[in-house]
Amino acid sequence: MQNDANDHDLKPGVAAYDGARSSKIRERDLPFDMETLVYSSKGNIRAGYYRAPASIACVMRGRFLENVEVIYHYTDFSAFKSIVENGELWATLYKNMNDVSEIEHSWDVLYCQAMDMVADPLLNHEKYLALRENFTSDIDLYIVSFSLIRNSLSQWRAYGRDNGVNIAFAKALFPVLGNSFDPYILKPVIYSMSEKMQRMQSLAVTLAGILEEARGDMDIILKQAKSIRTQFIQIAPFLKHEKFVDEREVRLVSNGKSFEKFSREGRYGKTQYIKISFDDAFKYADGLDFPILYLLTWPSIDPDEKVKKAAEVMKENKRKFFAIEDCNIPFR
Numbered sequence: 011m012q013n014d015a016n017d018h019d020l021k022p023g024v025a026a027y028d029g030a031r032s033s034k035i036r037e038r039d040l041p042f043d044m045e046t047l048v049y050s051s052k053g054n055i056r057a058g059y060y061r062a063p064a065s066i067a068c069v070m071r072g073r074f075l076e077n078v079e080v081i082y083h084y085t086d087f088s089a090f091k092s093i094v095e096n097g098e099l100w101a102t103l104y105k106n107m108n109d110v111s112e113i114e115h116s117w118d119v120l121y122c123q124a125m126d127m128v129a130d131p132l133l134n135h136e137k138y139l140a141l142r143e144n145f146t147s148d149i150d151l152y153i154v155s156f157s158l159i160r161n162s163l164s165q166w167r168a169y170g171r172d173n174g175v176n177i178a179f180a181k182a183l184f185p186v187l188g189n190s191f192d193p194y195i196l197k198p199v200i201y202s203m204s205e206k207m208q209r210m211q212s213l214a215v216t217l218a219g220i221l222e223e224a225r226g227d228m229d230i231i232l233k234q235a236k237s238i239r240t241q242f243i244q245i246a247p248f249l250k251h252e253k254f255v256d257e258r259e260v261r262l263v264s265n266g267k268s269f270e271k272f273s274r275e276g277r278y279g280k281t282q283y284i285k286i287s288f289d290d291a292f293k294y295a296d297g298l299d300f301p302i303l304y305l306l307t308w309p310s311i312d313p314d315e316k317v318k319k320a321a322e323v324m325k326e327n328k329r330k331f332f333a334i335e336d337c338n339i340p341f342r
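Under this note's numbering, the first residue of the sequence shown is numbered 11, with each subsequent residue one higher.
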C-alpha cells in the first residue's frame with residue numbers, strides 16, 4: 011500500500027493509524043494495535059488520512075465485534091458533532107416524537123382487545139374519553155431511538171437530512187436494569203399486531219373484568235384501573251404502528267427523574283429533552299474498549315469528503331473507533 015502523505019511500516023492486513031492514545035474517557039487496552047481505521051468507498055489515501063479497503067474494515071468488524079450486539083443511531087451532522095463532543099445523547103419526550111400516535115396506539119391495542127371480551131361495558135363517548143385520558147395522560151417518558159438496520163436509505167432520508175452520520179453503539183453500553191425507567195430501559199419496538207396483543211393480553215383480561223363488574227360506574231372503573239396503569243406504561247412505549255416497521259427500532263426509554271430536563275426548538279416545535287451520558291455508561295460496560303464502535307456517512311457524490319469531515323470530528327475530540335465508512339448508497 012502506498013500513500014501520498016507519509017510513509018509508515020504496516021503489519022500485514024492492518025492499516026496505518028494515528029499514534030495518539032489520549033482520550034477524554036478512561037483509557038483501556040485496545041484489542042488491536044490500531045486506534046483509527048478510516049475507510050472511503052474508493053479505498054484511496056488522501057489528505058493524510060489512512061484508509062483501508064472495505065475488505066479490511068469488514069475483517070476488523072467481524073474479528074473484534076463478533077460477540078457484540080450493535081445498534082445504530084441515525085442523525086444529522088450537527089447533532090453528531092454534539093454527541094461526540096459531549097459524550098451524550100438527547101432523549102426526546104415521547105409527545106415530540108415523529109409518531110403522533112405514541113402511547114395512544116398502545117391504548118387502542120389494549121382497549122380493543124378488552125372490548126372483545128365484554129358484552130356491554132355501558133360506556134358512552136364521554137366515559138370512554140375519561141378512561142383513555144386516565145391511561146395516556148401525565149406520562150413523562152423520554153426516548154432515544156436506535157435501529158437494528160445498519161444502512162437504510164429510508165432512515166438516511168428521515169434522520170440524516172442533507173448531511174448525516176450513522177453512529178454504531180454496542181447494545182451492552184446501556185445495560186438492562188430490570189423494568190424500571192429510572193434511569194432507563196433498552197428494548198426493541200414491537201410492530202406485529204399479534205405480538206402487541208399478546209403483550210397486552212393479561213392487562214386486557216383485567217380491564218375487561220373491571221368494565222363488566224363496574225357496569226359503567228366511572229368512579230369504580232377509574233379507581234380499579236390504577237392497578238393496571240403502571241403495567242400499561244411499562245409496555246406502551248415499546249409498541250408502535252406497523253407502518254414504521256422498516257425502522258426496526260430499539261428504544262432507550264427513561265422517566266427523566268435522574269436527569270436535568272430542558273427545552274429547545276425541534277423539528278416539531280418546542281421539544282423537551284434530557285441528556286443521557288454514554289461516557290458515564292461506558293465506565294460500567296465490561297468488554298468495550300470505546301463507546302462509539304464505528305460510523306457510516308451520508309450518501310454522497312463525494313464520499314471521501316464526508317468521511318474526512320466525520321474523521322476530523324472524531325480526531326478533534328480524541329475519540330477511538332474501529333472505522334468510518336461511506337454508506338455506499340448511490341443517492342443524492
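Virtual Cβ for every residue (Gly too), placed ideally from N, Cα, C.
{"Check": "Restricting to Cα atoms, I'd like to know which of Ser310, Asp172, Phe288 and Asp312 is closest to Pro301.", "Outcome": "Phe288"}
{"Check": "So what's Asn176 in DSSP terms, helix, strand or just coil?", "Outcome": "strand"}
{"Check": "Which one of Ile149, Tyr84 and Pro309 has the shortest CA to CA distance from Lys105?", "Outcome": "Ile149"}
{"Check": "Near His251, what residues of its chain come up, given a Cβ to Cβ distance below 8 Å and the 5 sequence neighbours on each side ignored?", "Outcome": "Asp109, Ser111, His115 and Tyr201"}
{"Check": "At the level of alpha carbons, what is the spacing between Pro193 and Ser310?", "Outcome": "38 Å"}
{"Check": "Do the CB positions of Ser155 and Glu79 come within less than 9 Å of each other?", "Outcome": "no"}
{"Check": "Measure the beta-carbon distance from Phe179 to Arg239 and round it to whole angstroms, keeping in mind my assumption that it falls under 8 Å.", "Outcome": "Their Cβ separation, rounded to whole angstroms, is 32 Å, which puts Phe179 and Arg239 out of contact at 8 Å."}
{"Check": "Thinking just about the alpha-carbon of each residue, which of Tyr152, Ile153, Lys206 and Ala101 is nearest to the one in Cys122?", "Outcome": "Lys206"}
{"Check": "Less than 9 Å between the C-beta atoms of Ser264 and Phe191, yes or no?", "Outcome": "yes"}
{"Check": "Kindly indicate which three-state DSSP category His135 falls into: helix, strand or coil?", "Outcome": "helix"}
{"Check": "Distance check for Lys316 and Ser164, CA to CA, integer angstroms please.", "Outcome": "19 Å"}
{"Check": "Anyone know if the C-beta pair for Leu217 and Ala246 falls short of 9 Å?", "Outcome": "no"}
{"Check": "What's the gap between the Cα of Phe184 and the Cα of Asp229?", "Outcome": "41 Å"}
{"Check": "Does DSSP put Phe184 in a helix, a strand or coil?", "Outcome": "coil"}
{"Check": "Note the first and the last residue of the continuous beta strand (DSSP E) segment covering Lys285.", "Outcome": "Gly279 to Ser287"}
{"Check": "How many angstroms separate the CA atom of Lys267 from the CA atom of Ser88?", "Outcome": "27 Å"}
{"Check": "Mind reading off the beta-carbon distance from Val128 to Leu221? Whole number of angstroms is fine, and I expect it under 8 Å.", "Outcome": "5 Å"}
{"Check": "Rounded to whole angstroms, what's the CA-CA distance from Ile153 to Arg274? Just pull it up for me.", "Outcome": "15 Å"}
{"Check": "Give me, in chain order, the residues of the same chain whose beta-carbon lies closer than 6 Å to that of Ala214; leave out the 5 immediate sequence neighbours on both sides.", "Outcome": "Leu120, Gln123 and Ala124"}
{"Check": "Tell whether a beta-carbon distance below 9 Å holds between Pro198 and Phe254.", "Outcome": "no"}
{"Check": "Kindly indicate which three-state DSSP category Asp336 falls into: helix, strand or coil?", "Outcome": "strand"}
{"Check": "Go through its chain and collect everything with a Cβ distance to Thr281's Cβ below 8 Å, but skip five positions before and after it.", "Outcome": "Thr102, Leu103, Asn106, Ser273, Arg274 and Glu275"}
{"Check": "Which whole runs of the alpha helix (DSSP H) in the region 292-340 are 4 residues long or more, in chain order?", "Outcome": "313-326"}
{"Check": "When burial is assigned at 16 or more other CB atoms within 10 Å of the CB, is Arg261 buried or exposed?", "Outcome": "buried"}
{"Check": "Which of helix, strand or coil does DSSP assign to Leu151?", "Outcome": "coil"}
{"Check": "Rounded to a whole number of angstroms, what is the C-alpha to C-alpha distance between Gln208 and Trp100?", "Outcome": "31 Å"}
{"Check": "How close, in whole Å, do the beta carbons of Val175 and Ala291 come, if the pair is a contact with beta carbons under 8 Å?", "Outcome": "With a Cβ gap of about 20 Å, Val175 and Ala291 do not count as contacting."}
{"Check": "Since Leu132 contacts Gly226 with CB under 8 Å, what's their CB separation in whole angstroms?", "Outcome": "3 Å"}
{"Check": "Grab the span of the alpha helix (DSSP H) containing Leu3 for me, first residue to last.", "Outcome": "Missing from the structure shown is residue 3; the chain here goes from 11 to 342 and no further."}
{"Check": "Using the Cα positions of Tyr169 and Tyr84, report the straight-line distance between them to the nearest angstrom.", "Outcome": "6 Å"}
{"Check": "Should Ser157 go down as buried or exposed, given a rule of 16 or more other Cβ atoms within 10 Å for buried?", "Outcome": "buried"}
{"Check": "Under the assumption that Ile231 contacts Ile93 (Cβ atoms under 8 Å), give the Cβ distance between them as a whole number of angstroms.", "Outcome": "With 8 Å as the limit, Ile231 and Ile93 do not qualify as a contact, their Cβ atoms being about 45 Å apart."}
{"Check": "Expressed to the nearest angstrom, what Euclidean distance is found between the alpha-carbon atoms of Leu141 and Lys233?", "Outcome": "11 Å"}
{"Check": "Taking DSSP as the reference, what is the three-state secondary structure of Val78?", "Outcome": "coil"}
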